[in-house]
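Participant: Structure incoming, see below.
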Amino acid sequence: MHWDYYWYEIRRYITASLYFLCSYGAAWLVLLTKQELCSRQVVGPGRMVRLSDRRHLSYTEATLMEIQRLSNIAIFTIPHVAVCDTTINGFKIPKNTILIPSLISVHFDETIWRDPKVFNPERFLNQNNDIINKENLIPFSLGPRICPGESLARSELFLIFSNLLHRFEFSKVDPADILSFEGITGITTTPSPYRLKAELR
12 MHWDYYWYEI RRYITASLYF LCSYGAAWLV LLTKQELCSR QVVGPGRMVR LSDRRHLSYT
72 EATLMEIQRL SNIAIFTIPH VAVCDTTING FKIPKNTILI PSLISVHFDE TIWRDPKVFN
132 PERFLNQNND IINKENLIPF SLGPRICPGE SLARSELFLI FSNLLHRFEF SKVDPADILS
192 FEGITGITTT PSPYRLKAEL R
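Per the working numbering, the very first residue in the sequence shown carries number 12; after that it's consecutive.
Next up, the structure:
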């Protein structure tokens, strides 16, 4: 495929992710407070957040991971083909069967995640506030056909999200507004429409 296609898909993923990030942030003011405190302590008010700050902003990184797990922007991976007859959980899969793995089934699996539908960035942090890389967090798929733009998408999400929270305070336009996190599902999942107020810190 042409690189323009990959670039388009990466931008679309980042855009949808940022919409989800802002809506979750507005709903959980505690999240915004923690993010702001972390960035103020590490970065300070005089400059923008850099990629080199990433290892010091573990709560920001954990929040990005948790929102990617919950939002499931890419619901399925690209199709695969079984290379031989096999059995998975009692289901017989003949050779040459087209398989479309579900990412959402992994991200909401109760045998993997405690309270999988609860927003909890701390699930990706240990007692020392270091990132715990969960092998079952696979928003970009995994294996030989993992999204080639994963590294770029993760870096851009971190930079944009952390700088937005560093410079702006987000809140609901009306305290009575109800934010929905169900999303609108198509080829990818996008957030339901919502209103948000951003004020310069």
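Quick reminder that beta carbons are idealized off the backbone N, C-alpha and C, glycines included. Owing to the predicted nature of the structure, the values given are computational and were not obtained by experimental measurement.
#1: Since Asn147 and Ile123 are thought to touch, with beta carbons under 8 Å apart, how far apart are those beta carbons, to the nearest angstrom?
#2: If you draw a straight line from the C-alpha of Glu11 to the C-alpha of Ile109, how long is it?
#3: Using the Cβ count rule (16 or more neighbours within 10 Å means buried), how would you classify Asp64?
#4: What are the residues that DSSP puts in a beta bridge with Ile104?
#5: Indicate whether the contact test is met: 3 or more Cβ pairs, each with one atom in the region 159-178 and one in the region 97-111, closer than 8 Å.
#6: Under 7 Å between the Cβ atoms of Met76 and Asn174?
#7: Return helix, strand or coil for Glu167, following the three-state DSSP convention.
#8: Could you tell me which residues DSSP pairs with Thr196 in its beta bridges?
#9: Considering Cα atoms alone, identify which of Leu170, His118 and Thr199 is closest to Val54.
#10: Determine, using beta-carbon pairs with one atom in the region 136-154 and one in the region 66-76, whether at least three such pairs fall under 8 Å.
#11: Which value, in whole angstroms, describes the spacing of the CA atoms of Leu176 and Leu29?
#12: Determine the closest residue to Thr201 out of Glu121, Ala187, Ala85 and His118, with distance taken between C-alpha atoms.
#13: Can Ala73 and Phe151 be called in contact, C-beta distance under 7 Å?
#14: Within 10 angstroms of the Cβ of Arg61, are there 16 or more other Cβ atoms? Answer buried if so, exposed if not.
#15: How long is the line joining the alpha carbons of Arg206 and Val94, rounded to whole angstroms?
#16: My understanding is that Tyr70 touches Pro132, with C-beta atoms under 8 Å, so please give their C-beta distance in whole angstroms.
Facilitator: Looking at the coordinates:
#1: To locate residue 147, count along the sequence shown from 1; it is residue 136. To locate residue 123, count along the sequence shown from 1; it is residue 112. Contact flag correct, Cβ pair sits at about 5 Å.
#2: Given that the chain is displayed from residue 12 to residue 212, the structure contains no residue 11 and the question cannot be resolved.
#3: For this step, residue 64 is matched to residue 53 along the sequence shown. Answer is buried; the Cβ neighbour count reaches 16.
#4: The residue labelled residue 104 in the question sits at position 93 within the sequence shown. Thr97.
#5: no
#6: Within the sequence shown, the letter at position 65 stands for residue 76. Within the sequence shown, the letter at position 163 stands for residue 174. No. Outside cutoff.
#7: Against the sequence shown, residue 167 aligns to sequence position 156. Helix, per DSSP.
#8: The count along the sequence shown starts at 1 and reaches residue 196 at position 185. DSSP lists Thr200 as partners of Thr196.
#9: Numbered from 1 along the sequence shown, position 43 holds the residue referred to as residue 54. That would be Leu170, whose Cα lies nearest to the Cα of Val54.
#10: yes
#11: The residue given as residue 176 occupies position 165 in the sequence shown. The residue given as residue 29 occupies position 18 in the sequence shown. About 11 Å.
#12: Within the sequence shown, the letter at position 190 stands for residue 201. The option with the nearest alpha carbon to Thr201 is Ala85.
#13: On the sequence shown, residue 73 is found 62 positions in, with the first residue counted as 1. On the sequence shown, residue 151 is found 140 positions in, with the first residue counted as 1. Cβ atoms of Ala73 and Phe151: not closer than 7 Å.
#14: Within the sequence shown, residue 61 is the residue found at index 50, counting from 1. Exposed is the call here.
#15: Counted from its first residue, the sequence shown places residue 206 at position 195. Counted from its first residue, the sequence shown places residue 94 at position 83. C-alpha separation (whole angstroms): 48 Å.
#16: For the purposes of this step, residue 70 is taken as residue 59 along the sequence shown, with counting starting at 1. For the purposes of this step, residue 132 is taken as residue 121 along the sequence shown, with counting starting at 1. Sure, about 7 Å apart at Cβ, within 8 Å.
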